[in-house]
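A.B. asks:
Number of protein chains: 2
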Amino acid sequence: MARDTKQRMIESAAELLRSKGLAAMSFTDITEHSGTPRGVIYHHFPGGKVELASEALTWTGSEVRRHLEELDASTPMGLVEQYLISIRHLLVESMGGSSCAVAAVTIDETSCKGLLGGRAEAVFRSWIEVLQAKFVAKNVESEMALDIATSLVILLQGSHIVTRASGELDSFDRAARTARTGIEILLNSRQ
Amino acid sequence: MARDTKQRMIESAAELLRSKGLAAMSFTDITEHSGTPRGVIYHHFPGGKVELASEALTWTGSEVRRHLEELDASTPMGLVEQYLISIRHLLVESMGGSSCAVAAVTIDETSCKGLLGGRAEAVFRSWIEVLQAKFVAKNVESEMALDIATSLVILLQGSHIVTRASGELDSFDRAARTARTGIEILLNSRQ
DNA sequence: GACGATCTAGGATGATCGTCCTAGTTTCAA
DNA sequence: TTGAAACTAGGACGATCATCCTAGATCGTC
């Protein structure tokens, strides 16, 4: 029960972070969205808003990481294709109002300098590392795998911003096409 | 004088938008940062915070667009190189606390749906169009030019987020390398 | 069955938010 | 010179914010 209450608040925080950002996310929003009473906040999160946001970030990070770890294909290029398809679905959902919780926190300066900034960095790095490992497992050289993994995460973040503003996926499709071409060449150029 | 007061507020708003996002940017911040009195706000911006943010967005958009229009090189690939160098400088500055004002507004759901969202979309599109026209002027086919321009803007936005979180430029350099390769191949593949 | 620890519950608080208001000041055309 | 328009100036307003507080409820352990 207790774990359930806390978890509901974390997931609500993650969703509100995605939809309105850190500063605009109030505890009133969270209690209404999660259906938990106000007094529970500082019992489960003695550190207040920062601690809740931090846990929401960590949770979002591991959720996405779990999706990334499920990617599987016989070739490196197959991984790229799967990733692009996967995040296209994610962007479709996002257009309805959500963006990326990690990006939302990164936008905030105060959070960026403090605990939350470090947490956001760790989340991004973990995503990149998971992707890199996937490519390395397909016999892609380590540095090249890191290049590709980083490019894919940056493509996701950039697309989140631009497609959310425009309300359509054309921008992503064009950037994805360019990225696919570039990565394919990189992969073919290896010995 | 009047124009000066208004302009100072707009530029302060743009900077605060970059550093802390829309919701966290208060009028108290703006008056302190710009050195203008509180009563002036609703004289120059009857629409309140939304109108000020909108003007800050428009101003940021034209500032960046001006930089983009200054890009000049003899070859399409030269343009890409210049763009990458140019936004690398921008990212160096950004690491000290600022991100992109347009992205900051896009994160906010309420603003994204309303007037500000439309404004943000227009700004992104204008950047893409300027870049596209640059490539078309170098005899790159229109659709391919749009692909490349879109990719470059998405690269900028994604890098802004990730490098701000990590505090270093390695992510950008890796993504830029991949993008450069991909675009080069696209350009060489044309007839 | 009782007791300490954990959790739920909602209200109170001071600070800060965006917005608005009423004066005073400057500018400039007639 | 004068009067209207444009602008400066700072305070006041209700609403909302994050935080904290005190009780009641529930649980596991002796």
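For the record, the sequence lines run as chains P and G.
Convert by adding 4 to the 1-based position in the first sequence; the result is the number in this note's numbering.
Convert by adding 4 to the 1-based position in the second sequence; the result is the number in this note's numbering.
A virtual CB, placed ideally from N, CA and C, is assigned to each residue, including glycine.
#1: Can you name, in chain order, every residue of its own chain whose Cβ lies under 7 Å from the Cβ of Val2 of chain G, other than the five neighbours on each side?
#2: Relative to chain P, which residues along the region 144-159 of chain G have a C-beta separation below 8 Å, given in chain order?
#3: At what residues does the alpha helix (DSSP H) containing Glu145 of chain P begin and finish?
#4: By Cβ distance, which residues of its chain are closer than 7 Å to Leu20 of chain P, with the 5 residues on each side in sequence left out?
#5: Taking 7 Å as the limit between beta carbons, can you name the residues of its chain near Asp174 of chain P, skipping five residues before and five after?
#6: Output yes or no for whether 7 Å exceeds the beta carbon distance between Leu191 of chain P and Lys138 of chain P.
#7: Taking the alpha carbon of Ile152 of chain P as the reference point, which residue from P:Glu67, P:Glu85, P:Gly122, P:Phe49 has its own alpha carbon closest?
#8: Does the beta carbon of Phe139 of chain P sit closer than 7 Å to a beta carbon anywhere in chain G?
#9: Just to confirm my understanding: we take Leu72 of chain G, look at its own chain, exclude 5 residues before and 5 after, and list those with CB closer than 7 Å. What are they?
#10: Thinking C-beta only, is Ala18 of chain P closer than 7 Å to Trp63 of chain P?
#11: Please report how far the alpha carbon of Lys24 of chain P lies from the alpha carbon of Ala27 of chain G, in whole angstroms.
#12: Helix, strand or coil for Glu172 of chain G? Go by DSSP, reduced to three states.
#13: Helix, strand or coil, according to DSSP, for Thr40 of chain P in the structure here?
#14: Below 7 Å on C-beta distance, what does Arg42 of chain P contact in chain G?
#15: Whole angstroms is fine: what's the gap from Thr1 of chain P's alpha carbon to Thr154 of chain P's?
#16: Reducing DSSP to helix, strand and coil, say where Ala28 of chain P ends up.
#17: Which residues of chain P have a Cβ atom closer than 7 Å to the Cβ of Arg69 of chain G, listed in chain order?
#18: Please state whether the Cβ-Cβ distance between Thr182 of chain P and Gly186 of chain G is less than 7 Å.
#19: For Val140 of chain G, which residues from the same chain have a beta carbon less than 7 Å from its beta carbon, with the 5 sequence-adjacent residues on both sides left out?
#20: Cβ of Lys53 of chain G less than 7 Å from any chain P Cβ?
#21: Got a sec, what are the start and stop residues for the alpha helix (DSSP H) Gly52 of chain P sits in?
#22: Among P:Val144, P:Pro50, P:Leu61, P:Gly39, which has the Cα closest to the Cα of Arg22 of chain P?
#23: Could you check the C-alpha separation between Gly52 of chain P and Glu125 of chain P for me, to the nearest Å?
#24: Give the straight-line distance between the Cα atoms of Ser58 of chain G and Val68 of chain G, rounded to the nearest whole angstrom.
C.D. replies: Well, looking at it:
#1: There is simply no residue 2 of chain G to check, as chain G begins at 5 and stops at 195 in what is shown.
#2: Leu150, Asp151, Ile152, Thr154, Ser155, Val157, Ile158, Leu159
#3: It is not in any alpha helix (DSSP H) - Glu145 of chain P carries neither H nor E in the DSSP assignment.
#4: Met29, Asp33, Ile34, His37
#5: none
#6: no
#7: P:Glu85
#8: no
#9: Trp131, Val134, Leu135
#10: yes
#11: 9 Å
#12: coil
#13: coil
#14: Simply none; closest approach about 21 Å.
#15: In the structure as shown, chain P starts at 5 and stops at 195, and residue 1 of chain P therefore has no counterpart that could be examined.
#16: coil
#17: In chain order: nothing, as chain P lies at least about 16 Å away.
#18: yes
#19: Ser146, Ala149
#20: no
#21: 52-74
#22: P:Leu61
#23: 21 Å
#24: 16 Å
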